[in-house]
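Engineer: First, the structure itself, so that you have it in front of you.
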Amino acid sequence: MTDAPEQSSDWKKAIDTHNPVEAIFNIANLMKSKLSISLGLDTEENPDTSVFLPESVRYAIRYGIELKRKEILSVINSQHWQDEALYLLMKVMDSDPVLQEQFLEEVLNAFRSKQDASSLQEIYKRYAAMLTEEASVIGTKLSQISRSGAYGWKKRADNLAHTMQEDNATPCLIAYSTFTLLRSFIQAAQNGDKILITIKHRLEDDKDNALYVVTCLEDSCTLEEWTHYDHHQDVPDIHLCDDTVSTGQTLATIRHCLSEKYGDFFPEIKEKDYYMDRGISWATE
Numbered sequence: 147m148t149d150a151p152e153q154s155s156d157w158k159k160a161i162d163t164h165n166p167v168e169a170i171f172n173i174a175n176l177m178k179s180k181l182s183i184s185l186g187l188d189t190e191e192n193p194d195t196s197v198f199l200p201e202s203v204r205y206a207i208r209y210g211i212e213l214k215r216k217e218i219l220s221v222i223n224s225q226h227w228q229d230e231a232l233y234l235l236m237k238v239m240d241s242d243p244v245l246q247e248q249f250l251e252e253v254l255n256a257f258r259s260k261q262d263a264s265s266l267q268e269i270y271k272r273y274a275a276m277l278t279e280e281a282s283v284i285g286t287k288l289s290q291i292s293r294s295g296a297y298g299w300k301k302r303a304d305n306l307a308h309t310m311q312e313d314n315a316t317p318c319l320i321a322y323s324t325f326t327l328l329r330s331f332i333q334a335a336q337n338g339d340k341i342l343i344t345i346k347h348r349l350e351d352d353k354d355n356a357l358y359v360v361t362c363l364e365d366s367c368t369l370e371e372w373t374h375y376d377h378h379q380d381v382p383d384i385h386l387c388d389d390t391v392s393t394g395q396t397l398a399t400i401r402h403c404l405s406e407k408y409g410d411f412f413p414e415i416k417e418k419d420y421y422m423d424r425g426i427s428w429a430t431e
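Numbered by the numbering used here, the letters in the sequence shown go through residues 147 to 431 in order.
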């Protein structure tokens with residue numbers, strides 16, 4: 147009689163939780179990932195087979211609990227979730243647009259120069275240290291991303307960014323959820339390309355710091371707020387871009403608000419919208 151094989155570390159990580167429902171959820175995801183690999187659906191090494199968000203973060207997003215500074219730091223410290231850490235930090239800095247813009251410009255330059263994960267983590271930690279102990283944020287988007295896996299989400303983001311690049315479409319990313327895609331767009335951009343970022347709630351409330359334009363240079367980026375009398379009026383072929391779309395109401399609202407806020411000082415937004423849905427990049431005519 148042979149001894150039972152020792153349980154693999156992948157399975158141990160999946161059940162390393164005090165919540166039995168969470169363990170079932172993790173095991174199901176792990177089985178799906180291993181099946182995909184066994185069928186040859188993805189021949190690349192897929193870190194999603196053994197990578198999960200920290201347990202306290204998974205618990206919080208499952209039950210709609212705010213993430214505190216401690217949970218944000220735990221995401222930062224996980225090298226597989228750096229784009230999600232950016233999303234959380236940008237959201238938690240929402241009340242301080244000046245600090246938020248300073249942070250974003252530093253991250254954009256790190257993305258463009260392709261700095262490694264440890265360099266990016268240092269930037270994140272430096273700004274996280276400026277947060278108060280009471281700082282908190284709802285990480286709504288993390289629930290969807292965790293189901294896809296960090297690797298799977300990144301592959302879809304790359305696909306969407308390259309699709310827009312091939313179509314010569316200038317993206318107008320709708321924040322905050324699209325900060326999980328931003329690295330893909332920055333690294334896919336050609337020298338001189340522009341990327342627009344709009345923060346939905348500020349745009350709807352007609353506030354400042356609602357729209358930014360990123361200019362991608364050879365190995366760096368510039369970040370500027372779009373003003374009512376902006377000199378970027380010649381930006382070509384602007385298309386709205388979101389991570390997911392259900393009713394299309396968000397896209398319609400953004401289109402209307404951009405026109406209302408900037409009027410003749412904003413270029414035409416093309417009718418074709420881009421977004422990610424069910425793991426594939428889509429475009430609507």
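For each residue, glycine too, the CB sits at the ideal point set by N, CA and C. In this text the structure is predicted, and so the values were computed from the model without any measurement.
Quick one: residues in its chain with C-beta nearer than 6 Å to the C-beta of Ser-447, no 5 flanking neighbours on either side, listed in chain order?
Structural biologist: Residue 447 is absent from the structure shown; the chain starts at 147 and stops at 431.
Engineer: Just how far apart, CA to CA, sit Phe-411 and Ala-334?
Structural biologist: 27 Å
Engineer: Assuming Asp-419 and Leu-397 are in contact, meaning their beta carbons sit under 8 Å apart, how far apart are those beta carbons, in whole angstroms?
Structural biologist: 5 Å
Engineer: Under a three-way DSSP split, which group does Leu-357 fall into?
Structural biologist: strand
Engineer: Looking only at C-alpha atoms, which of Tyr-421, Val-238, Phe-198 sits nearest to Lys-216?
Structural biologist: Val-238
Engineer: Check each candidate in Cys-318, Asp-242, Gln-261 and name the one with the smallest Cα separation from Met-276.
Structural biologist: Asp-242
Engineer: Compute the Euclidean distance between the alpha carbons of Ile-207 and Gly-285, then round it to the nearest angstrom.
Structural biologist: 6 Å
Engineer: Spatial neighbours of Glu-252 within its chain, please: CB distance less than 7 Å, with the 5 preceding and 5 following residues excluded, ordered by chain position.
Structural biologist: Within its own chain, the residues whose Cβ lies closer than 7 Å to the Cβ of Glu-252, once the five positions on either side in sequence are excluded, are Ile-269, listed in chain order.
Engineer: Rounded to a whole number of angstroms, what is the C-alpha to C-alpha distance between Leu-404 and Ser-282?
Structural biologist: 29 Å
Engineer: Answer with buried or exposed for Glu-417, where buried requires no fewer than 16 other C-beta atoms within 10 angstroms of its C-beta.
Structural biologist: Exposed, because fewer than 16 other Cβ atoms sit within 10 Å of the Cβ of Glu-417.
Engineer: If you run the structure through DSSP and keep just helix, strand and coil, what is Glu-370?
Structural biologist: strand
Engineer: Between Trp-227 and Thr-393, what straight-line distance do the alpha-carbon atoms span, to the nearest angstrom?
Structural biologist: 28 Å
Engineer: Beta carbon of Cys-367, beta carbon of Thr-373: below 9 Å?
Structural biologist: no
Engineer: Of all Cβ atoms in chain B, is any one closer than 9 Å to the Cβ of Ala-334?
Structural biologist: No chain B appears in this structure, which consists of one protein chain only.
Engineer: Can you tell me which of Gly-295, Gln-248, Ile-400 puts its alpha carbon nearest to the alpha carbon of Thr-344?
Structural biologist: Ile-400
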